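Peer 1:
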Amino acid sequence: MKKALILGFDGFDLELVRAFGPERMPTIHRLMDEGAFAALKSELPPATLPNWSSFLTGLDPARHGVFDFTTRQGYRVHFSGGTVREAPTIFSRLDALGLRTACLGFPGTYPPEPLRNGLFMSGWDAPVAFEADRSFVHPPSLHDELKARFGSIRFDDVDEFHADRDGFHAELGDALVRRIERKVALSLYLLERRELDVFAVYFGESDTASHHLYSLYDAKSPRNPGWTNDGLERVYQALDRAVAVLLGALPDAELTIVSDHGSGGSSDRVVYLNRILEEAGFLEFKRSAEGASVIVKRMKDLALRALPPRLRERIFRFGDALLPSWLESQARFGAIDFTRTRAFSDELNYFPAIHLNLAGREPRGIIPPEQREATIRAIEAALLALRDPDNGQPIIKRVYRREELFDGPYLGRAPDLLLDLHLREGYSYNVMPSTLDRRIPWIARIPREEYLGRKGRSMPGSHRNHGFFLACGPSIAPVGQCEATITDATATLLARLGIRNLPDAKGRVLFEIFDELVDADRELPEAPAMPRREGNSSFLERRLRALGYVD
1 MKKALILGFD
11 GFDLELVRAF
21 GPERMPTIHR
31 LMDEGAFAAL
41 KSELPPATLP
51 NWSSFLTGLD
61 PARHGVFDFT
71 TRQGYRVHFS
81 GGTVREAPTI
91 FSRLDALGLR
101 TACLGFPGTY
111 PPEPLRNGLF
121 MSGWDAPVAF
131 EADRSFVHPP
141 SLHDELKARF
151 GSIRFDDVDE
161 FHADRDGFHA
171 ELGDALVRRI
181 ERKVALSLYL
191 LERRELDVFA
201 VYFGESDTAS
211 HHLYSLYDAK
221 SPRNPGWTND
231 GLERVYQALD
241 RAVAVLLGAL
251 PDAELTIVSD
261 HGSGGSSDRV
271 VYLNRILEEA
281 GFLEFKRSAE
291 GASVIVKRMK
301 DLALRALPPR
311 LRERIFRFGD
321 ALLPSWLESQ
331 ARFGAIDFTR
341 TRAFSDELNY
351 FPAIHLNLAG
361 REPRGIIPPE
371 QREATIRAIE
381 AALLALRDPD
391 NGQPIIKRVY
401 RREELFDGPY
411 LGRAPDLLLD
421 LHLREGYSYN
431 VMPSTLDRRI
441 PWIARIPREE
451 YLGRKGRSMP
461 GSHRNHGFFL
471 ACGPSIAPVG
481 QCEATITDAT
491 ATLLARLGIR
501 NLPDAKGRVL
511 FEIFDELVDA
521 DRELPEAPAM
531 PRREGNSSFL
541 ERRLRALGYV
551 D
């Protein structure tokens, strides 16, 4: 039976791999020469949860149902993470086929899938997730075993909400390298003690490093504060060493390295989408909204910054996350007068999109169904006409209707329109929540003191539409660079294990990278029943018991 090793590197970018070169990343460059690699095309937008969910299921987001950390109901959002995923991962299907699999740490996979023959550890499931307890691990006894050997299984031992404190950026590279080394040690421990056919492990450190350290790596960045450090490079080097060590433990494995999106630098310009919609006549703010909006945003900011990480997570979970969901809903939509608004945005930097305020669908919708198409065309024209006042260049590259990008029964969960923005001289515009201070225009410059940002605000590194894919092993020819999407990576992985592509898969098998004709004659069984998604209240109670907060 073939073995497969799958390494998920969040935000890992081909252009950075090339920039660091074979001298600093010898293992990955050697494997690129020996196999196939690509600037992997992400699902648009290049956001974490929908892309990892697509890789793990092989499906279109409209078929697995995950588009973001939140789901929207009317003018409220609820933090849902991956609990709304409607399809199991391929690991459950491989398990049903009799393969011994391990899936460790991927985002949006709570609760863990109860594999009969393998191991499943859920990754972080919310923006403030702190550490995993027994409820994150199957079998639960594995949590106890790993905790006894390695200590608490933490998702984030670096508090990114305090990235503006002195010393944060100088210390971050070392902290992330240590975390990579701990994951490698944990992986080796399991590989030495378990007989496994498929082993997959997630590393989020490349994404964290890119978000916070990109402008310190790139001296030409408009957000470079006047000094540099090598933290981003050292994280990439640590991941290169991780590949060497893990492949050494499975020397004949079919290796796949995949990222959910790429990474690049952010510009020093911020764009306020709802202010743009207001000026174009599609949105109205409440006349008395400015003061309340400021208060809500300050409350949210205080909750993210002033509370210790463990307490922050407890509050986030309490009562089905009602308080955080209310704060987030008010921060996004509380200032909007929906009785006079035709279109509005969540204003998410990683997910720029627009919702239509349709009559019959939204609580206070005002667009008659017969005017939907005309409204979309008018919004599209207004957005494509936007110009950067400093250089005269267009800001919006393309406006996609959701049906252009996605196909499936959960299409209704996607925003009506998704935006692809141009880069500004190679750096991304920052989409941020609109200020109602009329002295500030719809596009503004980020103050120098905010160049390094922090989580919850604009950060100096941002997502890109193309990430990284590498395939190497007994079945792969040394073809060099190819073209691939994130769901192509899934289909090709299955083919390398002799398994046919899923009938409703979005991706295709990359036959052109195989050394010989593959015999993918086995079919995956029907999807097992999904684990029951418990409400956050019972989930919180179990987690607090496990952490010793309640008896």
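In my numbering, the protein residues as written are 1 to 551. All residues carry an ideal CB built from backbone N, CA and C; glycine is no exception. For clarity, every value in this text was computed on a predicted model and none was experimentally measured.
1) Please report the straight-line C-alpha distance between residue 320 and residue 143, rounded to a whole angstrom.
2) For residue 237, which residues from the same chain have a beta carbon less than 7 Å from its beta carbon, with the 5 sequence-adjacent residues on both sides left out?
3) Any idea if residue 150 is buried or exposed, counting beta-carbon neighbours within 10 angstroms, 16 or more meaning buried?
4) Take the Cβ of residue 165 as the centre, count every other Cβ of all protein chains shown within 10 Å, and call the residue buried at 16 or more, exposed below.
5) Which term fits residue 39, buried or exposed, when burial requires 16 or more other beta carbons within 10 angstroms of its beta carbon?
6) With distances taken Cα to Cα, identify the nearest neighbour of residue 218 among 208, 233, 207 and 205.
7) Per DSSP, what kind of secondary structure is residue 138 in: helix, strand or coil?
8) Tell me the rounded alpha-carbon separation between residue 395 and residue 379.
9) What residue range is occupied by the uninterrupted beta strand (DSSP E) comprising residue 6?
10) From which residue to which residue does the alpha helix (DSSP H) around residue 32 run?
11) Among residues of its own chain, excluding the 5 on either side of residue 341, which ones have a beta-carbon nearer than 6 Å to its beta-carbon?
12) Within 10 angstroms of the Cβ of residue 421, are there 16 or more other Cβ atoms? Answer buried if so, exposed if not.
13) What's the C-alpha gap between residue 230 and residue 439?
14) For residue 332, which option in 78, 12 and 15 has the closest C-alpha, if you only look at C-alpha atoms?
15) May I ask you to verify whether the stretch 41 to 51 touches the stretch 457 to 468, counting CB pairs closer than 8 Å and requiring at least 3?
16) Quick one: what's got a C-beta closer than 8 Å to residue 500's C-beta in the same chain, skipping five residues either side?
17) Is residue 101 helix, strand or coil by DSSP?
18) What residues are listed by DSSP as bridge partners for residue 41?
19) Is residue 328 buried or exposed, if buried means 16 or more other CB atoms sit within 10 Å of its CB?
20) Using the C-alpha atoms, what's the distance from residue 116 back to residue 96?
21) Pull up the distance between the alpha-carbon of residue 538 and that of residue 431, whole angstroms please.
22) Who are the near neighbours of residue 418 in its chain, counting only those whose CB is closer than 7 Å to its CB and skipping five residues on each side?
23) Mind checking whether residue 266 and residue 141 have CB atoms under 9 Å apart?
24) Between the stretch 242 to 249 and the stretch 1 to 8, do at least 3 Cβ pairs fall closer than 8 Å?
25) Mapping the DSSP letters down to three states, classify residue 261 as helix, strand or coil.
26) Relative to the C-alpha of residue 415, which candidate in 17, 15, 75 and 27 has its C-alpha closest?
27) Could you pull out every unbroken alpha helix (DSSP H) segment of at least 4 residues lying fully inside the stretch 323 to 386, listed in chain order?
28) Is residue 205 close to the ligand PLP? I mean its beta-carbon at under 8 Å from any heavy atom of the ligand.
29) Whole angstroms are fine: how far does the CA of residue 242 sit from the CA of residue 202?
30) Which runs of the beta strand (DSSP E), 3 residues or longer, sit entirely within the stretch 195 to 234?
31) Is it the case that the Cβ atoms of residue 460 and residue 211 are separated by a distance below 9 Å?
32) With distances taken Cα to Cα, identify the nearest neighbour of residue 14 among 264, 392, 176 and 102.
33) Secondary structure at residue 90, three-state DSSP: helix, strand or coil?
34) Is the Cβ-Cβ distance between residue 448 and residue 269 less than 9 Å?
35) Indicate the three-state DSSP secondary structure (helix, strand or coil) for residue 458 in the structure shown.
36) Just the Cα atoms here: how many angstroms apart are residue 512 and residue 505?
Peer 2: Taking the structure as given:
1) The count along the sequence shown starts at 1 and reaches residue 320 at position 320. The count along the sequence shown starts at 1 and reaches residue 143 at position 143. For residue 320, the predicted model reports a pLDDT of 49, less than 50, meaning its position is unreliable and no value from the coordinates is stated.
2) As a first step, residue 237 must be located in the sequence shown, where it is residue number 237. Excluding positions up to five away in sequence, the list reads 24 and 25.
3) Locating residue 150 in the sequence shown gives position 150, counting from the first residue. So residue 150 ends up on the exposed side.
4) The residue given as residue 165 occupies position 165 in the sequence shown. So residue 165 counts as exposed.
5) The residue you call residue 39 lines up with position 39 of the sequence shown. With 16 or more other Cβ atoms within 10 Å, it is buried.
6) Here residue 218 refers to the residue found at position 218 when the sequence shown is read from its first residue. For residue 218, the nearest C-alpha among the options comes from 233.
7) For this step, residue 138 is matched to residue 138 along the sequence shown. In the structure shown, residue 138 sits in a strand (DSSP, three-state: E or B).
8) Position 395 of the sequence shown, counted from the start, is the residue given in the question as residue 395. Position 379 of the sequence shown, counted from the start, is the residue given in the question as residue 379. The straight-line gap from Cα to Cα measures roughly 14 Å.
9) Within the sequence shown, numbered from 1, the residue matching residue 6 stands at position 6. Looking at the DSSP string, the run of the beta strand (DSSP E) that includes residue 6 is 4 to 9.
10) The residue labelled residue 32 in the question sits at position 32 within the sequence shown. Segment 26 to 34, the alpha helix (DSSP H) holding residue 32.
11) As a position in the sequence shown, residue 341 is number 341, starting the count at 1. For residue 341, where only same-chain residues beyond five positions count, the Cβ hits under 6 Å are 283, 284 and 357.
12) As a working mapping, residue 421 is identified with position 421 in the sequence shown. When all chains shown are included, residue 421 counts as buried.
13) Locating residue 230 in the sequence shown gives position 230, counting from the first residue. Locating residue 439 in the sequence shown gives position 439, counting from the first residue. Between residue 230 and residue 439, the C-alpha separation is close to 39 Å.
14) Here the question's residue 332 lines up with position 332 in the sequence shown. If we check each option's Cα against that of residue 332, 78 comes out closest.
15) yes
16) Position 500 of the sequence shown, counting from 1, holds the residue named residue 500. Counting only Cβ-Cβ distances below 8 Å, and skipping sequence neighbours, we find 494, 520, 521, 522, 523 and 524.
17) Within the sequence shown, residue 101 is the residue found at index 101, counting from 1. Residue 101: strand per DSSP, three-state reduction.
18) Taking the sequence shown and counting its residues from 1, one reaches residue 41 at position 41. Paired residue(s): 466 and 485.
19) Along the sequence shown, read from residue 1 onward, the residue named residue 328 stands at position 328. Buried, because 16 or more other Cβ atoms sit within 10 Å of the Cβ of residue 328.
20) Against the sequence shown, residue 96 aligns to sequence position 96. Against the sequence shown, residue 116 aligns to sequence position 116. Distance between the alpha carbons of residue 96 and residue 116 is about 8 Å.
21) Here residue 538 refers to the residue found at position 538 of the sequence shown. Here residue 431 refers to the residue found at position 431 of the sequence shown. Because the pLDDT at residue 538 is just 40, under 50, the model does not fix this residue reliably, and the point stays unresolved.
22) The count along the sequence shown starts at 1 and reaches residue 418 at position 418. Within the same chain, residue 418 has close Cβ partners 44, 45, 353, 400, 402 and 405.
23) Here residue 266 refers to the residue found at position 266 when the sequence shown is read from its first residue. Here residue 141 refers to the residue found at position 141 when the sequence shown is read from its first residue. Result no, Cβ atoms of residue 266 and residue 141 do not sit closer than 9 Å.
24) yes
25) Indexing the sequence shown from 1 puts residue 261 at position 261. Three-state result, residue 261: coil.
26) Locating residue 415 in the sequence shown gives position 415, counting from the first residue. Per the Cα distances, 75.
27) 372 to 384
28) The ligand PLP is not among the ligands present in this structure, which contains no ligands whatsoever.
29) Numbered from 1 along the sequence shown, position 202 holds the residue referred to as residue 202. Numbered from 1 along the sequence shown, position 242 holds the residue referred to as residue 242. Straight-line Cα distance between these residues: approximately 12 Å.
30) 198 to 203
31) Counted from its first residue, the sequence shown places residue 460 at position 460. Counted from its first residue, the sequence shown places residue 211 at position 211. Result yes, Cβ atoms of residue 460 and residue 211 sit closer than 9 Å.
32) Position 14 of the sequence shown, counting from 1, holds the residue named residue 14. For the residues 264, 392, 176 and 102, the minimum Cα distance to residue 14 belongs to 264.
33) What you label residue 90 is simply residue 90 of the sequence shown in a count that begins at 1. Helix, per DSSP.
34) Position 448 of the sequence shown holds residue 448. Position 269 of the sequence shown holds residue 269. No. Outside cutoff.
35) In the sequence shown, residue 458 corresponds to position 458, counting from 1. Residue state, collapsed to three classes: coil.
36) On the sequence shown, position 512 is the one that residue 512 refers to. On the sequence shown, position 505 is the one that residue 505 refers to. Cα to Cα, residue 512 sits roughly 19 Å from residue 505.
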